[in-house]
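Start counting at 1 in the sequence shown, then tack on 1, and there's your number in our numbering.
Note that beta-carbon positions come from the ideal geometry of N, C-alpha and C, so glycine has one too.
What follows is a set of notes on a single structure, which appears directly below.
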Amino acid sequence: MKTPILIACAHGTSSEEGAAEVNALRASISALRPGLDVREAYVDVQDPGLPDVVAGLPADAGAVVVPLLLSVGYHVKVDIARAVQGRPGILAAAPLGPDPRLAELLDQRLRETGVTDNDAVIVAAAGSSDATAAENVEEVAARLGTLRSNRIVAAYGASARPSVPEAVAMLREEAAGGAGAGRSAGAVDLGGRVVIASYLLAPGFFHDQLAKAGADLVTAPLLPSPVLAELALERYDAAVAGSRS
């Protein structure tokens, strides 16, 4: 039996830097698994679109679509699910997150930025209208909370609440002694800064918006990191193993 093709399916971006980072991620996947056919696809913004990539596969080809996405949401449940529906041998793997290693990577980015224990941290995700996506982000934020003593909240760039600017304002209010939302100001020392931990794969529209949200610092996105390529291959292997069980 031929080894299934890995279709590394990203969201897509108009950012040249962001596109380069995602292409480098695909190259890292290939480098970790020499001989594996790794193909490019997107659910939005860029070409080739995932439906076209799937339609262009040989009739007898096996493939696994690995979402280069950080949570389950509309793109996974609808766009990717539709693309593989009715195609025998074409599977959809789980997205890269949530995963404890992503929280560890966020912790690494925070340390690189010089975050102290007194700083409040916002885990900032792109956002989705699907409630599962927010649950996935909350899971990663909670995991980050086991690694750090900071006040940590999750927030979103679109389609979910609180928005990142709302979270910044809430934490400013708490630091000033207001009630805010969630944990009371008296429950934690918020004498430091408000820091946004970018829970995004790469530079692009949503990451650019984080700089406008009013925080003191914004971390770099998750890429580049070997962790993401390792996770993509684990998702691929799990999908293949599940199809054979």
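**Prompt:** With a Cβ-Cβ cutoff of 9 Å, do S199 and R110 count as a contact?
**Reply:** As a working note, residue 199 is residue 198 in the sequence shown. As a working note, residue 110 is residue 109 in the sequence shown. The Cβ atoms of S199 and R110 sit closer than 9 Å to each other.
**Item:** the ligand COA heavy atom lying under 8 Å from the CB of G87
**Value:** With respect to the ligand COA, the structure offers nothing, as it holds no ligand at all.
**Asked** In terms of alpha-carbon separation, which member of D45, V46, S15 and V85 lies closest to L7?
**Response** Taking the sequence shown and counting its residues from 1, the one referred to as residue 7 is at position 6. Nearest of D45, V46, S15 and V85 to L7, Cα basis: V85.
**Asked** Between V73 and N119, what straight-line distance do the alpha-carbon atoms span, to the nearest angstrom?
**Response** By one-based count along the sequence shown, residue 73 stands at place 72. By one-based count along the sequence shown, residue 119 stands at place 118. In this structure, the straight-line span from the alpha carbon of V73 to that of N119 is close to 32 Å.
**Asked** If you count every other CB in all the chains shown that lies within 10 Å of the CB of S130, and 16 or more means buried, which is it?
**Response** Indexing the sequence shown from 1 puts residue 130 at position 129. Burial call: exposed.
**Message:** Within a Cβ cutoff of 8 Å, which residues of the same chain sit near L148, ignoring the five residues on either side of it in sequence?
**Reply:** In the sequence shown, the residue the question calls residue 148 occupies position 147. Result list for L148: A104, E105 and D108, in chain order.
**Message:** I need the DSSP call for Y75, collapsed to helix, strand or coil.
**Reply:** Residue 75 sits at position 74 when you count from the first residue of the sequence shown. Y75 falls in the helix class under three-state DSSP.
**Request:** Can you grab the Cα-Cα spacing for the pair D80 / A177, in whole Å?
**Result:** Within the sequence shown, the letter at position 79 stands for residue 80. Within the sequence shown, the letter at position 176 stands for residue 177. Spanning the two alpha carbons is a distance of roughly 44 Å.
**Request:** Since I believe L201 is in contact with H208 (beta carbons under 8 Å), could you give me their beta-carbon distance rounded to a whole number of angstroms?
**Result:** Your numbering for residue 208 matches position 207 in the sequence shown. Your numbering for residue 201 matches position 200 in the sequence shown. For H208 against L201, the beta-carbon gap comes to about 5 Å, under 8 Å, which counts as contact.
**Request:** Confirm, please, whether the CB-CB distance from V55 to I91 is below 9 Å.
**Result:** The residue you call residue 91 lines up with position 90 of the sequence shown. The residue you call residue 55 lines up with position 54 of the sequence shown. Between I91 and V55, the C-beta spacing is below 9 Å.
**Prompt:** When DSSP labels each residue in this structure, what does V46 get in the three-state scheme?
**Reply:** Along the sequence shown, one-based indexing puts residue 46 at 45. Note: V46 maps to coil in three-state DSSP.
**Asked** Whose C-alpha, out of L58, R34, E22 and A21, is nearest the C-alpha of E235?
**Response** The sequence position of residue 235 within the sequence shown is 234, counting from 1. Relative to the Cα of E235, the nearest Cα in the group L58, R34, E22 and A21 belongs to R34.
**Asked** When you compare each of D45, E139 and G87 to P101 by their alpha carbons, which one comes out closest?
**Response** For the purposes of this step, residue 101 is taken as residue 100 along the sequence shown, with counting starting at 1. Looking at the Cα atoms, E139 is the closest of the given residues.
**Asked** Between which two residues does the beta strand (DSSP E) carrying A20 extend?
**Response** The count along the sequence shown starts at 1 and reaches residue 20 at position 19. First-last for A20: E17 to L33, but that is the alpha helix (DSSP H), not the beta strand (DSSP E).
**Request:** Pick out the complete alpha helix (DSSP H) segments inside the stretch 135-176, 4 residues or longer, and give them in chain order.
**Result:** Within the stretch 135-176, the complete alpha helix (DSSP H) runs of at least 4 residues fall at 165-176.
**Through-space distance from V241 to P5, alpha-carbon basis** = For this step, residue 5 is matched to residue 4 along the sequence shown. For this step, residue 241 is matched to residue 240 along the sequence shown. If you draw a straight line from the Cα of P5 to the Cα of V241, it is about 8 Å long.
**Candidates P227, Y237, V228 and T220, of which the one nearest T114 by Cα** = Sequence index remark: in the sequence shown, residue 114 carries index 113 (1-based). The candidate whose alpha carbon is nearest that of T114 is T220.
**Prompt:** Can you name the start and end residues of the beta strand (DSSP E) that V66 belongs to?
**Reply:** Within the sequence shown, residue 66 is the residue found at index 65, counting from 1. That run of the beta strand (DSSP E) goes A64 to P68.
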